[in-house]
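First the structure, in the form of structure tokens, and then the observations on it.
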Amino acid sequence: SPGYRRKIVEHEAGHFLTAYLLGCPVEACLLDPLRAATDPRFQGAAGTVFFDPLLADAMRAGSVPRSSVDRYSVVVMAGIAAEAELHGQAEGGRADEQALVRLLTSLDGGRSWDYAKITNQARWAASSAALLVRAHRPAFDALVEALAAGRSVGTCVMAIEEA
Numbered sequence: 001s002p003g004y005r006r007k008i009v010e011h012e013a014g015h016f017l018t019a020y021l022l023g024c025p026v027e028a029c030l031l032d033p034l035r036a037a038t039d040p041r042f043q044g045a046a047g048t049v050f051f052d053p054l055l056a057d058a059m060r061a062g063s064v065p066r067s068s069v070d071r072y073s074v075v076v077m078a079g080i081a082a083e084a085e086l087h088g089q090a091e092g093g094r095a096d097e098q099a100l101v102r103l104l105t106s107l108d109g110g111r112s113w114d115y116a117k118i119t120n121q122a123r124w125a126a127s128s129a130a131l132l133v134r135a136h137r138p139a140f141d142a143l144v145e146a147l148a149a150g151r152s153v154g155t156c157v158m159a160i161e162e163a
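Numbering (full-length UniProt numbering), first residue to last: 1 to 163.
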């Protein structure tokens, strides 16, 4: 339905905008699950692929600073935050929550991240993402329109910058 598709666009715009604002280049954003099924980066679902070079370097080095964990957490939770900001609740985001849990439990074998710490990190990240979306609402709205129109990643970045 058009309403459901719009929520997908808004959810992905949350990821896209926060990744951009936090310095993580967006590689791709696909809103069509059928197209996503043919691209292994999306694991069969609509989504936004971003790259955090600092996190990637830190993971290779085996020592991930808290700032990298926080940045990743905010971007991953931003889709849920955008939905909640616009609609008072989020319908999507299960895969995002799972991605965050996977990252956190992969750090030092998961010894530092028990259930309570993961929950607190997710809440903090979602709140931080909601504040970013709220503070950059004109850019978010312009991005939603660009994504809904099927624009390229570059054109979407221009929409953010020109808002």
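Glycine residues also receive a C-beta, built at the ideal position from the N, C-alpha and C atoms.
Starting from the C-beta of residue i, find all residues in its chain whose C-beta is less than 7 Å away, skip the five residues before and the five after it, and write them out in chain order.
| i | result |
| --- | --- |
| residue 39 | 30 |
| residue 155 | 146 |
| residue 58 | 64, 65 and 68 |
| residue 138 | 163 |
| residue 96 | 76, 77, 79 and 80 |
Mapping the DSSP letters down to three states, classify residue i as helix, strand or coil.
| i | result |
| --- | --- |
| residue 163 | coil |
| residue 18 | helix |
| residue 40 | helix |
| residue 10 | helix |
| residue 65 | coil |
| residue 114 | coil |
| residue 5 | helix |
| residue 89 | coil |
| residue 173 | In this structure the chain extends from 1 to 163, so residue 173 is not present and cannot be described. |
| residue 109 | helix |
| residue 79 | helix |
Hey, out of the options, whose CA is closest to residue i's CA?
| i | options | result |
| --- | --- | --- |
| residue 27 | 15, 74, 161 and 109 | 15 |
| residue 108 | 53, 116, 64 and 13 | 64 |
| residue 3 | 114, 103, 86 and 100 | 86 |
| residue 45 | 118, 155 and 9 | 9 |
| residue 121 | 93, 79 and 69 | 69 |
| residue 11 | 72, 62 and 94 | 94 |
| residue 43 | 149, 99, 117 and 125 | 99 |
| residue 54 | 32, 62 and 160 | 62 |
| residue 60 | 106, 7, 125 and 33 | 106 |
| residue 126 | 71, 56 and 110 | 71 |
| residue 102 | 90, 91, 92 and 115 | 115 |
Can you give me the Cβ contacts of residue i inside the same chain, cut-off strictly under 8 Å, excluding the 5 residues immediately before and after it?
| i | result |
| --- | --- |
| residue 75 | 15, 18, 19, 22, 24, 50, 52 and 129 |
| residue 133 | 14, 17, 18, 78, 81, 82, 85 and 140 |
| residue 142 | 159, 160, 162 and 163 |
Tell me where the alpha helix (DSSP H) around residue i begins and ends.
| i | result |
| --- | --- |
| residue 148 | 137-148 |
Please confirm whether residue i has its beta-carbon closer than 8 Å to some beta-carbon of chain C.
| i | result |
| --- | --- |
| residue 134 | In the displayed structure, chain C is absent; only one protein chain is listed. |
What is the residue span of the beta strand (DSSP E) that residue i lies within?
| i | result |
| --- | --- |
| residue 231 | Missing from the structure shown is residue 231; the chain here goes from 1 to 163 and no further. |
| residue 28 | 26-30 |
| residue 47 | 47-50 |
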